[in-house]
Every structure is written in C-alpha cells, then in structure tokens.
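At position 58 of the sequence shown the residue is numbered 491 (the numbering used here), and the sequence of numbers has no breaks.
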Amino acid sequence: MSQETLFTEITHEHCPYCGTPINLVIDPSDELDEYVEDCEACCQPMVVITQGDRILELRREND
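This is the structure:
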C-alpha cells in the first residue's frame with residue numbers, strides 16, 4: 434500500500450458577501466481549480482478559482 438502526502442495551504446480572504454475574514458484551504462499542487470464553498474459566517478456560496486498556491490478569483494456565486 435502506498436502512502437501519499439497531501440499538502441494544503443491556508444489562505445486568508447474576505448467573504449464577497451458579508452466581508453467577514455475567512456480562511457480557505459487550497460491545494461497548491463492543482464494547476465487550475467474552480468469550486469464553490471460556503472462562507473463560514475453568512476453561509477452564502479462563493480466561487481473560488483485557484484491556480485497553484487494563489488487564489489485568482491473569489492466572487493459571489495451569482496455574479
């Protein structure tokens with residue numbers, strides 16, 4: 434059985450809905466990734482687009 438080491442990074446951002454500081458966990462090994470995550474504070478859906486260890490875009494889902 435092989436063991437894989439998974440690396441993640443935490444980035445500090447602000448919710449595009451309520452402005453609350455939030456922490457997002459991203460996978461720096463991904464080339465380009467897009468997913469929807471709910472804000473920890475207001476529960477609104479945010480679109481997160483990452484490339485490597487950078488967040489390229491964080492926006493409201495309905496924008």
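Backbone N, C-alpha and C fix where the C-beta goes; we use that ideal spot for every residue, glycine too.
Using DSSP's beta-bridge definition, name the partner residues of residue i.
| i | result |
| --- | --- |
| residue 484 | 487 |
| residue 468 | 481 |
Taking the alpha-carbon positions, what's the residue i to residue j distance?
| i | j | result |
| --- | --- | --- |
| residue 459 | residue 440 | 9 angstroms |
| residue 485 | residue 454 | 22 angstroms |
| residue 456 | residue 473 | 9 angstroms |
| residue 476 | residue 461 | 25 angstroms |
| residue 445 | residue 471 | 15 angstroms |
| residue 478 | residue 490 | 14 angstroms |
Classify residue i as buried or exposed, calling it buried when 16 or more other Cβ atoms lie within 10 Å of its own Cβ.
| i | result |
| --- | --- |
| residue 483 | buried |
| residue 451 | exposed |
With H, G and I counted as helix, E and B as strand and the rest as coil, what does DSSP make of residue i?
| i | result |
| --- | --- |
| residue 478 | strand |
| residue 456 | strand |
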